[in-house]
Each structure stands twice: as C-alpha cells, then as structure tokens.
Amino acid sequence: MRLTFLGGRIVDPANGIDRIDALHVAKGRIVGLGAAPDGFVADRVIEATGHVVCPGLVDLRARLREPGLETTTTIAHETRAAAASGITTLCCPPDTDPVVDTRAVVELIHQRAARAGMARVEVLGALTQGLEGQHLAEMGALAKAGCVGVSNGTRAVRNTEVMRLAMQYAATFDLTVFLHPLDPWLAEGRHAHDGAVATRLGLPGVPECAETIALARDLLLVESTGVRAHICHLSTARGVEMVAEAQARRLPVTADVNLHNLHLTEMDLLGFDARCHVCPPLRTQRDREGLRTGIQRGVITAIASDHQPHELDAKLNPFPATEVGISGLETLLPLALRLVEDGVADLPQTLAALTCNPARIMGLDRGDLAPGRLADVCVLDPERLWTLTEDAIVSRGRNTPFLGWELRGQVMLTLLGGKVVFERDPMR
Numbered sequence: 002m003r004l005t006f007l008g009g010r011i012v013d014p015a016n017g018i019d020r021i022d023a024l025h026v027a028k029g030r031i032v033g034l035g036a037a038p039d040g041f042v043a044d045r046v047i048e049a050t051g052h053v054v055c056p057g058l059v060d061l062r063a064r065l066r067e068p069g070l071e072t073t074t075t076i077a078h079e080t081r082a083a084a085a086s087g088i089t090t091l092c093c094p095p096d097t098d099p100v101v102d103t104r105a106v107v108e109l110i111h112q113r114a115a116r117a118g119m120a121r122v123e124v125l126g127a128l129t130q131g132l133e134g135q136h137l138a139e140m141g142a143l144a145k146a147g148c149v150g151v152s153n154g155t156r157a158v159r160n161t162e163v164m165r166l167a168m169q170y171a172a173t174f175d176l177t178v179f180l181h182p183l184d185p186w187l188a189e190g191r192h193a194h195d196g197a198v199a200t201r202l203g204l205p206g207v208p209e210c211a212e213t214i215a216l217a218r219d220l221l222l223v224e225s226t227g228v229r230a231h232i233c234h235l236s237t238a239r240g241v242e243m244v245a246e247a248q249a250r251r252l253p254v255t256a257d258v259n260l261h262n263l264h265l266t267e268m269d270l271l272g273f274d275a276r277c278h279v280c281p282p283l284r285t286q287r288d289r290e291g292l293r294t295g296i297q298r299g300v301i302t303a304i305a306s307d308h309q310p311h312e313l314d315a316k317l318n319p320f321p322a323t324e325v326g327i328s329g330l331e332t333l334l335p336l337a338l339r340l341v342e343d344g345v346a347d348l349p350q351t352l353a354a355l356t357c358n359p360a361r362i363m364g365l366d367r368g369d370l371a372p373g374r375l376a377d378v379c380v381l382d383p384e385r386l387w388t389l390t391e392d393a394i395v396s397r398g399r400n401t402p403f404l405g406w407e408l409r410g411q412v413m414l415t416l417l418g419g420k421v422v423f424e425r426d427p428m429r
C-alpha cells in the first residue's frame, strides 16, 4: 500500500531532520519526504497533525523467552507487544534454551519472527559454547547465520585468557562483542545495591566495584585486542566515567543503559518490592544522575528496555528468591519521553538513543527515514496521557514497577516494511 503521512512532526535524528512535513511510503520503503515523487498517488492519506512521525524503535535487549520458555510467552506474542509499542526491531540475547551457539538456533528464531510478521528480531550469538565461559563458540558460523554480534549474556567469562581469545576471535570476523560488566565474585548471590537500603532490608549487596572492576578488565582487553565492543546496561556513575575515558582514548566502545535505571533508585526497593529486583541492581540517586549525564554528554548513546517477561508467580516469593527483570516493552517510549520532560535530552537526541544509534551499534541500515530505507515507522501522540495498567500491557509479562504511573506519549500506529502492524485508533 502507498501511504502518505501529512502534517506530522517528522523527527529523523540520523539525518538531522525535525520539521513539519509529509512522508511518503511505497513498496515497503520510504520514497519521499516533503513533496511526493513524480507519479506517486497514495492509496491512503493519514492526517498526522499533532503527532510525531519517527523511525520505528530499535530495542537492543529484549528476552522473548523462545526457544525454551514458551510456557511464559512466545516470539509471536512479544513481537505483537513490540508493535504496539512502536518497536520494529528487537535484539535477542543468546541466553535462550538451547543457547544461541549454533546456526540452527539462529535460524529458528529468525523463522519464527518472520512467521509472526510483527517486528524484526535480530540475534546475538554466544561468545562461548553453552555460555559456560570455557571454549569459544563457532563465531564464524554464527556470523554467517546473521548474528549481529556475540555475547556471553549475563554469565561472566571468569577466565581472563578465554575472554582475551574470544575478543581476538570476534575481531577476525568483524563482530561486535556485547559485554555485561559484573564481577561474579562480588555479585553472585546478591540482590540489591550495596548501600543503606540493602542494609536496612537485610539484603546482601552488590557493590559499585562489581561493575567497575569487570569493566576495567574488559576495557583493557578491548584496547589490547582492538575488538569493537558494546557495554550493556551501565548502572553506576563511575562506570560512565570509565567509558568516557575509554572513548576519549578512541577505543571502539559504545554503551547503553536500561531505561528503568534512569528513573528508579535503590529507594524503590523499600517494602521489598520484587518488581524492582533487577540485575544490575537499582543504585543510588547519584548513580541515576550520572547515567542521565552520560546520555546528555553522548557517552551513553542507546537506551534499552531490557525486557524480561515473567509469569505472575516469579515475583511472589521472598525478594531474594524472585526472578530478576522487568517487562519493559510498553514503557520504553513513554518513559524515554519523560527524559525530555525532565530536561535530560531533547526529543531528537532521545529518539536517536531509541532508533539510529542502536541500529548502528548492531551494524544495521535501519533507524532512519532516508529515501530507499525500509518503511519501519512509528507515529506517536506526544501529549496523550494514559495510565499503565495490566490491561494496557500486551506482553504476557506484567512484572513492572511502573503500574499505576501516569505516562505522557502513546504510540498510535506502527509500520513494518510499509505494512500497518499496529493502529490504536483509525487515523484519517
């Protein structure tokens, strides 16, 4: 279908565009911005006045629970939730069951996502076989299968020599290594930030240095091997400073932050709220401000949902026995827009952290509205107020501490390759 969006605020950070204009789509691709191409006649004209028209969102980290945990949810269901959230590309970590360390698992995930047809699902291959941190995975085969990078997920590679060899091997295939800096000796068996709140609740704490020690090791190995690296879910102000120092030395390093770490702190754990049981843990207000400053300065260039849907009973046990993670697809865009309200970043910079920047980190030609690109488009009403309720969540995971929050900004329509995969209300 040939589509024209009229009167919307076109925000395309990758190309420095932020203006009221028209957008034209045909044969699944962007064909024009402003005046329609010669001979173009739209099958449907959508009045987008008062709305923002931007690239479809790109989420760097979302667990879809398939394969392995289909009893919790499926790729088909979670990509439907992604479409309702304006997300057109999701990146799946390798810690599925079986682990993404063979071509067959990569192809399985791609096939099931294509069959669902609601969002594109990219895959990170395993850095080591079975994520066990002992033997290197067949990275060449994973690259040929279409993996956008390699990672050991949240399972630490304890042996520094194995990590060094893994980085060298990844570099030979021009693969980005996605790193989760958390020292296992300082973090395993601990459930909250090592501070006053954890002490008050009697919870074993994860100190700041659990992140910074692991980060220091990994950055030194990046410098030694020359591999392109992406630092996942920074949680400390000191960690931001270390990444900034590495970037100043021109190391090939990028970084992201989980959206919930930009809004919540250790204080939200009071009352043993297991919905706030996450890894890395929620840290201090100083850390939260340090992460926000990292976005302002461009040290952190991507924001991820770190979507982890769970069944209801996964959060009902005593705090230490509950599963970690937040269901984050539905709140990715509105909570990011709250950063604009808070003066952390303007709208183009915020949308860049959700579109072109994560796409570039994965080496994908997506996240922008340039003519010829795939027509992955999000249309949102930036002023629409709504309250997050369980009924408003499309994902099968209802485990979020943001239930009851009044949010501003809601997705109205999502295009995937020129096809309408979500429309909240018929737009004329």
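When you line the sequence shown up against my numbering, it's residues 2 to 429, in that order. Don't be surprised by glycine CBs; every beta carbon is placed ideally from N, CA and C.
Thr-388 and Arg-409 have their C-alpha atoms some 9 Å from each other.
Listed in chain order, the beta strand (DSSP E) elements of length 3 or more contained wholly in the segment 159-202 are 178-180.
Rounded to the nearest whole angstrom, the CA to CA distance from Asp-274 to Phe-320 is 7 Å.
Beta-bridge partners of Lys-420 (DSSP): Leu-417. A contact between stretches requires three or more CB pairs, one per stretch, nearer than 8 Å, and the segment 194-202 fails this requirement with the segment 139-157. Taking the CA atoms as reference points, Val-412 sits about 15 Å from Thr-80. When DSSP reads this structure, Pro-321 sits in no beta bridge, so it has no partner. DSSP places Ile-18 within a strand segment (E or B) once states are collapsed to three. Within the segment 248-292, the complete beta strand (DSSP E) runs of at least 3 residues fall at 254-259. In the DSSP assignment, Ile-214 falls within the alpha helix (DSSP H) that extends over 210-226. Counting the other Cβ atoms within 10 Å of the Cβ of Lys-28 gives fewer than 16, which makes it exposed.
The criterion of a C-beta distance shorter than 8 Å is not satisfied by Ala-188 and Asp-257. The residue from His-194, Arg-239, Gly-295 with its alpha-carbon nearest to that of Thr-266 is His-194.
The beta-carbon separation of Leu-222 and Gly-240, rounded to 16 Å, does not stay under the 8 Å limit for a contact. Judged by DSSP in its simplified three-state form, Gly-329 adopts coil rather than helix or strand. In the three-state scheme derived from DSSP, where H, G and I count as helix and E and B as strand, Arg-62 is classed as coil. Under the DSSP assignment, His-234 falls outside any alpha helix (DSSP H); it carries neither an H nor an E label. DSSP lists no beta-bridge partner residue for His-136. Here Thr-161 has Arg-218 as same chain residues with Cβ atoms under 7 Å from its own Cβ, once five neighbours each way along the sequence are excluded. Gly-329 has its alpha-carbon roughly 15 Å from the corresponding atom of Lys-316. Annotation: Gly-272 to Glu-108 spans about 44 Å, alpha carbon to alpha carbon. Our two residues, Val-101 and Val-207, have alpha carbons roughly 28 Å apart in a direct line.
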